[in-house]
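Residue numbers (the working numbering): -10 to 344.
Before any comments, here is the structure.
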Ligand code: NAD
Ligand code: TYD
């Protein structure tokens, strides 16, 4: 494999994948991203001047633009991460989730299949479409048990229902057209460059500013946390060695209640940012999320057994790294909190409409 087309490469996980490919491999990367509020080119500042990196400001719902991108770049593989990703936004405004996650995935599948059909036999046989999805498609667990790859889908939120739909489309494109796909379903990620609407970065930045730390309901919902660079390493392994048509669950064996997560962040901040300690005095219980899933927990045995993957970080080491990153990366944090990170989009849209 030489050139990977990554969709959503300006997002939280996509940017970790792109940075890893540029820094740790000799692959070239084409980043296809619409730059919604969640896309941030500042997350790619360390690699954006590399000659193996190329950015395409494109919406995955735009079929004509996708045809152009495939024709110009002739990728050897696709990693599809572009999505609307925040559950709370999917509850207040599901339309964008249906559009990008379902219609966008369909449009991308067709552009990629068209490209694959035109490849010579050798390149056609090694081409891969890697669909990146979530464990939320399996629904909510009770007190025991884990999500396994053969579990039925029971998505509960507009977000997880839209991701489940996209997983089914990808599966059908393999079954019907023989299109070479692999799918991964991952648990909650955390780490640097995470947009501060999600629990962990929101709590870190609110605590540092002395603002309330909102906990939905009783704080007893459980998530299974994975450090984002561990996820990116797993994705690369699945892209390179995953079996076509298979799905792989990816998780960190790190189940925590939301209250445990928030308390852990507060303890690290009490040590690293003693002004304002104890930070847990800011914890505020707020109205629960409608339809809030109680527990997610991944059985990650398949990817460990078949591909030899295991995470390098445990929750304590990963969370400490994450808090330290937010305390020391003022430029990125200021860019996001001030809205300055959208400057590139505003300038380029303005230039385009003026042209
Ligand atoms: P994110 O919201 O941080 O980034 C999404 C990226 O997609 C952004 O750069 C955005 O600009 C881009 N995008 C959105 N709509 C687009 C469109 N129509 N065309 C082109 N680009 C578009 O998301 P993330 O947390 O990095 O998640 C990446 C993928 O991983 C998603 O598919 C998500 O469902 C999945 N996932 C996320 C998690 C998690 O904990 N964050 C866990 C499991 C799976
Ligand atoms: P989130 O980071 O939005 O991820 P997801 O909904 O995909 O799991 O939320 C993680 C957990 O934290 C989830 O159970 C909802 C909860 N939560 C809060 O308690 N307060 C908050 O302000 C947010 C954003 C989330």
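Glycine included, every Cβ here is placed at the ideal spot set by N, Cα and C.
Bear in mind the structure is a predicted one, so any value in this text is a computation, not a measurement.
Would you call residue i buried or exposed, if buried means 16 or more other Cβ atoms sit within 10 Å of its Cβ?
{"i": "residue 112", "result": "exposed"}
{"i": "residue 200", "result": "exposed"}
{"i": "residue 312", "result": "buried"}
{"i": "residue 344", "result": "With a pLDDT of only 40 at residue 344, under the threshold of 50, the placement of this residue in the model should not be trusted; the figure read from the coordinates follows. It is exposed - the Cβ of residue 344 has fewer than 16 other Cβ atoms within 10 Å."}
{"i": "residue 329", "result": "exposed"}
{"i": "residue 8", "result": "buried"}
{"i": "residue 244", "result": "buried"}
{"i": "residue 342", "result": "A caution first: residue 342 carries a pLDDT of 45, below 50, which makes its placement in the model unreliable, though a value can still be read off. Classification of residue 342: exposed, given that the 10 Å Cβ count is below 16."}
{"i": "residue -2", "result": "buried"}
{"i": "residue 297", "result": "exposed"}
{"i": "residue 320", "result": "exposed"}
{"i": "residue 3", "result": "buried"}
{"i": "residue 23", "result": "buried"}
{"i": "residue 225", "result": "buried"}
{"i": "residue 128", "result": "buried"}
{"i": "residue 327", "result": "exposed"}
{"i": "residue 325", "result": "buried"}
{"i": "residue 302", "result": "buried"}
{"i": "residue 336", "result": "exposed"}
{"i": "residue -5", "result": "buried"}
{"i": "residue 81", "result": "exposed"}
{"i": "residue 229", "result": "exposed"}
{"i": "residue 25", "result": "buried"}
{"i": "residue 219", "result": "buried"}
Among the options, whose alpha-carbon lies nearest the alpha-carbon of residue i?
{"i": "residue 351", "options": "231, 308, 67 and 296", "result": "Past the boundaries of the shown model lies residue 351; the chain is included only from -10 to 344, so the question cannot be answered."}
{"i": "residue 168", "options": "25, 101 and 136", "result": "101"}
{"i": "residue 64", "options": "51, 71 and 103", "result": "103"}
{"i": "residue 284", "options": "87, 124, 222 and 159", "result": "124"}
{"i": "residue 36", "options": "50, 185, 19 and 49", "result": "19"}
{"i": "residue 213", "options": "141, 203, 317 and 247", "result": "247"}
{"i": "residue 331", "options": "16, 32, 242 and 134", "result": "32"}
{"i": "residue 282", "options": "268, 253, 59 and 211", "result": "211"}
{"i": "residue 144", "options": "163, 159, 122 and 15", "result": "122"}
{"i": "residue 92", "options": "323, 49, 234 and 0", "result": "49"}
{"i": "residue 66", "options": "279, -9, 268 and 206", "result": "-9"}
{"i": "residue 126", "options": "94, 148, 108 and 116", "result": "148"}
{"i": "residue 279", "options": "206, 299, 318 and 273", "result": "206"}
{"i": "residue 45", "options": "38, 39 and 54", "result": "54"}
{"i": "residue 223", "options": "232, 237 and 233", "result": "237"}
{"i": "residue 174", "options": "57, 333, 142 and 42", "result": "142"}
{"i": "residue 62", "options": "116, -7, 227 and 290", "result": "-7"}
{"i": "residue 189", "options": "209, 242, 150 and 252", "result": "252"}
{"i": "residue 10", "options": "164, 30 and 221", "result": "221"}
{"i": "residue 16", "options": "27, 28 and 43", "result": "43"}
{"i": "residue 139", "options": "107, 316, 287 and 257", "result": "287"}
According to DSSP, which residues form a beta bridge with residue i?
{"i": "residue 106", "result": "Looking at the DSSP assignment, residue 106 forms no beta bridge with any residue, so it has no partner."}
{"i": "residue 287", "result": "136"}
{"i": "residue 122", "result": "174"}
{"i": "residue -8", "result": "17"}
{"i": "residue 275", "result": "205"}
{"i": "residue 215", "result": "178"}
{"i": "residue 22", "result": "46"}
{"i": "residue 244", "result": "213"}
State the start and end residues of the unbroken alpha helix (DSSP H) segment that holds residue i.
{"i": "residue 255", "result": "247 to 261"}
{"i": "residue 166", "result": "147 to 166"}
{"i": "residue 198", "result": "188 to 198"}
{"i": "residue 305", "result": "304 to 317"}
Tell me which residue opens and which closes the beta strand (DSSP E) that residue i is part of.
{"i": "residue 237", "result": "236 to 239"}
Examine the ligand SAM and report whether any of its heavy atoms sits within less than 7 Å of the Cβ of residue i.
{"i": "residue 328", "result": "As far as ligands go, the structure on display features the ligand NAD and the ligand TYD and does not contain the ligand SAM."}
- Message: Give the list of continuous beta strand (DSSP E) stretches no shorter than 3 residues that lie fully inside the segment 56 to 117.
- Response: 66 to 69
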